[in-house]
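Student: With UniProt numbering, the residue at position 792 of the sequence shown is 792, and numbering never jumps. Glycine residues also receive a C-beta, built at the ideal position from the N, C-alpha and C atoms.
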Amino acid sequence: MKQEKPKIKTTIFEHFAKLTNENENVRISGAYSLIQHLQKNNEEKNVSYAIKRLVRGNGSSTSNSRIGFYTALTGFLSAEIQYAPNIQGILEIMKKEFKDSSSDKGHVDSLVGISLVCGAIIRSEKALKSTSENDIEEIVKSLVSCFVKPSVSPVAYNFLAELVIRMDSAVVKSVVWPNLTKHLNITKDKITIDPVYLLLLIEDHHPDTIEPNFYKKNWQSDKILCKENLDVLANLLWKIEKITIINHPIYVYFMKRITTQKLLKPFWSEHVEKIIEKSEHSKLIDVVTINSAISILKHLENPSKLVLLLTPNFQKMIQQQNSKLTKDEDIQEMYNEFYELFDQKLQELKNDTHKLQALKAFNELSTEKSSIKKFITNMINTLEQEGLFEAIEYIKSIIVSDRDEKERQYAASIFQKIILTNKLVSNNLEWRIKQLIFFINISLLKSNNGVEVGAYENINNNISANIKNIFYHSLEHKFAKIEDEKKVLNGLIDHINSYMSKKDHEKYFQKPLESKYCKIWNEMSSEINTKPDKKDKKLKTVFHVLMMHMGLQLFNNPEVAENAISELFAVLDRVTKKKNPSENEPAWIEVVIDLFLTLLSQESYVLRNVIRHVFPQLCSEINVAAFNQILSMLDIRNKENPLQVMDENGEISDELSENSDEESMEINENGVNQEDSDESDDEGFSDDENDTLEESDEDVDITNTVKMAVQNALEENDEQGSDIDVDNISPEEGKRLNIQLGNAFKLLMEHRNLKKKKKSKTAMMADKALLHFRMRLLDLVEIYLKNNPQMEICLEILILFFDLMPLAINHPEIKARFEKIFPQISQLKTFSLETVQNVTQKNLADLFNRVLEKTSIEKTNIQQQNYFKHTCVFIIYASQILQKLSPEEDDEILKIMLEHVRQFINQRNPTLQVATFIKILSTQWLGNFKVAKLISDIGLKPEVRSLRRTQSLQMLKEFFKNHHLFNQNQKKATKYFGKIFEHIKSYVSSLEEISQQEFFELIYFMMTAKNLKDFTARDELIQAIQKFRSHLILKQNILNSYRELCNNMKFEFISNDKIDPAKIRNNNEDQTSVQDGTATKRKSVTINKKVKKLKKMKELEDASQGLDANFSFV
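1. Whose C-beta lies closer than 7 angstroms to the C-beta of E621 among residues of the same chain, with five residues either side of it excluded?
2. Answer with buried or exposed for G1106, where buried requires no fewer than 16 other C-beta atoms within 10 angstroms of its C-beta.
3. Whose C-beta lies closer than 7 angstroms to the C-beta of N628 among residues of the same chain, with five residues either side of it excluded?
4. Tell me the DSSP secondary structure of F1028 in three-state form.
5. Using DSSP with H/G/I as helix, E/B as strand and the rest coil, what is L445?
6. Ignoring anything shorter than 4 residues or poking outside the region 115-153, list the alpha helix (DSSP H) runs there in chain order.
7. Rounding to the nearest angstrom, what Cα-Cα distance links S447 and I440 in this structure?
8. Have a look at I81, E782, A358 and F375 and flag the residue whose alpha-carbon is nearest the alpha-carbon of Q344.
9. Closest to N247 by C-alpha separation, out of N158, A234 and L201, would be which residue?
10. Do you know how far the Cα of Q261 is from the Cα of S295?
11. Could you tell me which of N838, L365 and F874 sits nearest to F822, measuring between CA atoms?
12. Measure the C-alpha to C-alpha separation of N64 and E22 and round it to an integer number of angstroms.
13. Looking at residue 1200: is its Cβ nearer than 8 angstroms to the Cβ of L264?
14. Indicate the three-state DSSP secondary structure (helix, strand or coil) for F818 in the structure shown.
15. Reducing DSSP to helix, strand and coil, say where F509 ends up.
16. What is the C-beta distance between S464 and I437, in whole angstroms, given that I count them as a contact (C-beta under 8 angstroms)?
17. Count Cβ pairs between the region 833-845 and the region 878-894 that sit closer than 8 angstroms; are there 3 or more?
18. Could you tell me the alpha carbon to alpha carbon distance between Q924 and I825, rounded to whole angstroms?
19. Out of I12, P212 and Y49, which has the shortest C-alpha to C-alpha gap to Y32?
20. What I want to know is whether the C-beta of L424 ends up closer than 7 angstroms to one or more non-hydrogen atoms of the ligand FMN.
21. What distance in whole Å lies between the Cβ atoms of P266 and K227, which are believed to be in contact at a cut-off of 8 angstroms?
22. Are the region 807-823 and the region 598-613 in contact at 8 angstroms, needing three or more beta carbon pairs?
23. Using the Cα positions of M633 and K815, report the straight-line distance between them to the nearest angstrom.
24. Counting pairs of beta carbons, one from the region 134-151 and one from the region 112-124, are three or more of them closer than 8 angstroms?
25. Return helix, strand or coil for residue 1158, following the three-state DSSP convention.
26. In the DSSP assignment, the alpha helix (DSSP H) including E834 goes from what residue to what residue?
27. In three-state terms, what does DSSP make of Y83?
28. Since Q602 is in the alpha helix (DSSP H), which residue starts that stretch and which ends it?
29. Do T377 and Q315 have their CB atoms nearer than 8 angstroms?
30. Need the endpoints of the alpha helix (DSSP H) that residue 1120 sits in, please.
31. Between F904, N928 and E393, which lies nearest to Q951 when the distance is taken from Cα to Cα?
32. Helix, strand or coil: how does DSSP classify C226 here?
33. Closest to Y251 by CA distance: which of Y339, E270, T289 and E273 is it?
34. Can you tell me whether G927 is buried or exposed, with buried defined as 16 or more other CB within 10 angstroms of its CB?
35. Under a three-way DSSP split, which group does M167 fall into?
36. In three-state terms, what does DSSP make of V400?
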């Protein structure tokens, strides 16, 4: 009888199917599951079938299949599998599966299969250890046989290379090398990358393997990697036809070898440098070069050798790459990686000498300009003082050299950054004066070296103009003391005066001042040298600093500077002579503010910084009228552009200089000014920027805005999500709803009308200039608020910004700044006595009522913003300050707050919402004691809706977190705590059941109050919580909080399964769902189903009592 062949379990085929999947993760999963299957099912037939199938699969015709089977075979050889054949057996299977094919395609697939099977053995550490020398020889011969096909030979060479690395020298010398000699016996002028890589590995790992005659015959040297062969190797590695060749392992390996064997300098400077020069910036050559540089940097142990890479042609290659924007992300990523590594190596330099060598090795400092890392600037910032001074002298030598204009300008910008930001020289005023004089000499005066000034004729006007801009930007440094700024400016003025005082001074200046400006200069110079009285010293110092800045501006913007200096003289005369202005004459500070507005309108970043420096010194002198000049310019309700005037022909003419060479400011989407600190040579607004400029209000998503407004208008309140019953709307609520919806759709119509109006390019430029101007004014507002502001002015700011916020939605940049200023105002908790004059409790009450009324009417535009809460906080702080100064006056704000607490508890659509009360209760306002007492008195009564009781608990919880208020007012705290806790006791004793949400807030209220010294309601609250617990099946999050409270306060935890279903009432969940919305309703239904299930189980349990356990219906 014929014996049946053992059957293969069909489950094994499922694993093989995954090996051919396109998804890599699926293939890996299939290989893993196959190996697990073979290990668990110890059947020889399965293992035999699997290994044959795995070997054969390595010769598949598709790439995905080959990779999948190769992965599985490697895993198979590394795993412990019973009945697995030895290496010799696998090689026999390989021979049978990959016999010579008649077709060329079949032959290639067979050779690929042979390479992969041999590679799987080599890469499996377990398999390689069990391999005999005969097997090794068979593997080598099999891989060598694959050399016949150029498409397969790289794979074979790669696995042979791994074999050379993994095997010991004896085996390589006796088994591997003899079988390779014939195929590697190639002269160096004909050899290719793969055999070179293999030879280099053998030479490196097994130095005694290759015979000397072999080297002499083919390489005419004692070894391959030596100085004599660098030329051949460089040409071989750089002469590529496809960019993918750079992934060959020889590149990383070779660069590591030359870096560690001191061959980097001759290889890079002599050979690579020549290749780059001859290549005429071929993309392939550039990619090989930058990729090789990355490998060198990764293996460079001594960072001081970094300069060896900075050869002229290599730097030129990088600079040309920087100058063009490549669309190839992979190439750009390589350059970014190079810059990252380069910066790291520069930072590793510990010695200033090496840092300076690196600095001087750069042909152009602008090499770093387009890189992610400003590696040169970063390195300069790490220098010690002596090294820094030497670096500065080197940079200055570049500025006055005959190099490219852009390079000189970039060097000047680096120098400017040192002057402005380097901490080693920030306090050295004499040094600063000397460096700024250097800039003056080469930008305003005539000097070829920055030191000697004379009547030179060969001055480069283009570079001088750019250096002049950099000089003015160098004056932006913010000094700790204004006296220090005055000293520096005095030094600069004195230097210029030394030439202005000469009879023939015109010949020393690149652009001499006109006679009328010379006169202004002399008057300014004379004034700043006068000694002020002690009383006037502070103000005079401020005016002198302004005058000197404006004096320097005579060489840049003479007309503006002349007018400014004249105004300053007039104001200074009034200040020093104490003249009282007439009724129609403005105060001197108003004139100064008007001057500031004029200067800020020039779009000069330098002028803006001058004003920002001196403005804090004048804040104490500012009155309401002066500050209103600033606020009037911020009023976006005014549709006219305050920066524009009508010319004689009736056409709109922009006062701003469209070609301003100073302004380099952009405004980001959050409304923050961003200066171009990297490139000082960027000037004004480009044509492209103007062409692409769009109105900020056109970017607003009006649909979402109106949708939000309508939604808010239709809500009864922020917390309650129920629909409005039109039959039950009161006349008052109907009127309010009408106004709210009208405002919402009015906003939509205004936007549509705006979109219909197409603005001209000039109009858009004017709008952008106005936006920038207003952002500068907002800078002044923020500065003022940081410098002991007057309460009256703060109220003026608050009133205007509060009124403007609904309109600011169309001006996102301004809106963002408004929202930043509101918290700043609310943080003002103290005012000096002189700053609260002219403000009364009645003023605050009127403002508060106005704000509340506006909030109630225009809820769609205001209620959603946090600035409303900040407004309330500032008003109550201001009220408290006035109350301390005049205790006899009634606290009007407290009265209003208490009235709104009553409104909140009793009405469905109150003006103030719970979030505002919570914000106020967290402040240090003394009125919070009375507010909390009233909340506990009227907000926790049984007749009050569950929602309002819940919110009352939330507010009281926040109040009891205010430990700073309690610590500062302990007697008052003790007094009010007693009353509040009495109301709490009454509240919990008067109710039999509460909603889940109310229960949740009661838990958190108790966890907040339990550590208070005067917590007198502890026992009553515990008893009430357990009482309420018996009526509730708690949600998981509430149950967790309840458990935490039980653990902290040491009382019994009652789980949901201990609740008697008969005691559960469902109406509580309906109340909770009003606040929680749709999601909570769905949860409520789920909980109710759970309650019904518990009840049903209880009924069945009761019915089953007394029945025989063996009873059956069958």
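Tutor: Based on what the coordinates show:
1. I589
2. At G1106 the pLDDT is 36, less than 50, meaning the model places this residue with poor confidence and gives no usable figure here.
3. E796
4. helix
5. strand
6. 125-129 and 133-144
7. 9 angstroms
8. F375
9. N158
10. 15 angstroms
11. F874
12. 6 angstroms
13. This structure cannot speak to residue 1200, because the chain is shown only from 1 to 1114.
14. helix
15. strand
16. S464 to I437, Cβ: 15 angstroms. No contact.
17. yes
18. 15 angstroms
19. I12
20. The ligand FMN is not part of this structure, which contains no ligands at all.
21. 6 angstroms
22. no
23. 15 angstroms
24. yes
25. An answer regarding residue 1158 cannot be provided, because it is not within the stretch 1 to 1114 covered by the chain.
26. No alpha helix (DSSP H) holds E834; DSSP gives it neither H nor E.
27. coil
28. Counting along the chain, Q602 falls outside any alpha helix (DSSP H), and DSSP gives it neither H nor E.
29. no
30. What the structure shows of the chain is the stretch from 1 to 1114, and residue 1120 is not part of that stretch, so it cannot be assessed.
31. F904
32. coil
33. T289
34. buried
35. coil
36. coil
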